[in-house]
Amino acid sequence: MPLAEVWQITAVVWGVYAALSMPIIYLFKDSYEKLRQGYGGAVNKYIDQLCKDALGLLQRIINLAKDIGRGVPWRELIEDEEFCELYDELSDHISEAREIKEYYNRAIDIAEDLAEKLVGFLTLVTAMVYCVLVALTLGSVPALYAPLLWLLVYTISVSVFLRYIDLLEYLNLKRWIKECLKKARVL
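Below you can see the structure in the form of structure tokens.
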């Protein structure tokens, strides 16, 4: 009779797997495209605007250097308050453009395989639970139970932690990008 029980366990465990994996696939399968379509144009528009502003600041710095630089030592020019403010503003624009591009690319990288990672994790957990349940049903050697259960707990713990970190990082990056674009009135 254990074979009938194994088939029942198979049907239940893999049925639960299918019931859980389909919503995950549905929710995250297009996260890459959704992110790209939802924020890609706005991110590029914002970066373009920052670069245009940076070029304008650079032109103002050049003009200031030309105006002040005639007959004034370069050291005094660099110490000039207006020059320093323009330079700091230029640095901020360039840093902000790099930062949003870096965060956007990181979110895209995570989103590309988020669904696969989550379903892969679910597959691993389901396979481990299935193996333990089948071993218990078939009455395997009791010494085998402890290592299988420890392996199950360890694998699930590590996988949960890694997938949770990926999911949190993706959601935080997406939220940060959205807030940054709203603050800049691009989105």
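If you count by this note's numbering, then the sequence shown holds residues 1 to 187, one letter each, in order. Think of the CB as a built atom: it goes at the ideal place given N, C-alpha and C, for glycine as much as any other residue. Fair warning: this is a prediction, and the values are worked out from it, not measured in the lab.
6 Å CB neighbourhood of residue i in its chain, flanking five on each side removed
i    : result
M1   : Low confidence applies to M1: its pLDDT is 49, below 50, so where it sits in the model is not reliable, and the reading given next is rough at best. Once the five neighbours on either side are set aside, M1 has no close Cβ partner at all.
M22  : none
L187 : A42, L181
V125 : I156
Same chain, Cβ closer than 8 Å to residue i, five either side skipped, listed in chain order
i   : result
L90 : A54, L57, L58, I61
Nonlocal neighbours in the same chain, by C-beta distance under 7 Å from residue i, ignoring five residues either side
i    : result
Y170 : A107, I110, A111, L114
E179 : none
E82  : L64
K174 : L35, A107
L149 : V132
Integer-rounded CB distance, given that residue j should sit under 8 Å from residue i
i    : j    : result
Y87  : L181 : Incorrect: roughly 26 Å between the Cβ atoms, too far for contact.
T137 : V6   : 6 Å
Of the listed residues the options, nearest to residue i (C-alpha basis)
i    : options                : result
L162 : L136, G120, E82, N44   : G120
Y32  : W150, Y104, I156, V153 : Y104
I47  : Y164, E102, L152, L167 : E102
F28  : L173, W14, L118        : L118
A184 : V12, I100, V153        : I100
N44  : Y26, P147, E96         : E96
Q.
Could you tell me which whole alpha helix (DSSP H) segments of length 4 or greater appear in the segment 47-82?
A. 74-79
Q. Taking the runs of the alpha helix (DSSP H) that are 4 residues or longer, which of them lie wholly in the segment 96-145?
A. 114-138
Q: For the segment 18-46, list the beta strand (DSSP E) runs that are entirely contained and at least 3 residues long, ordered along the chain.
A: none
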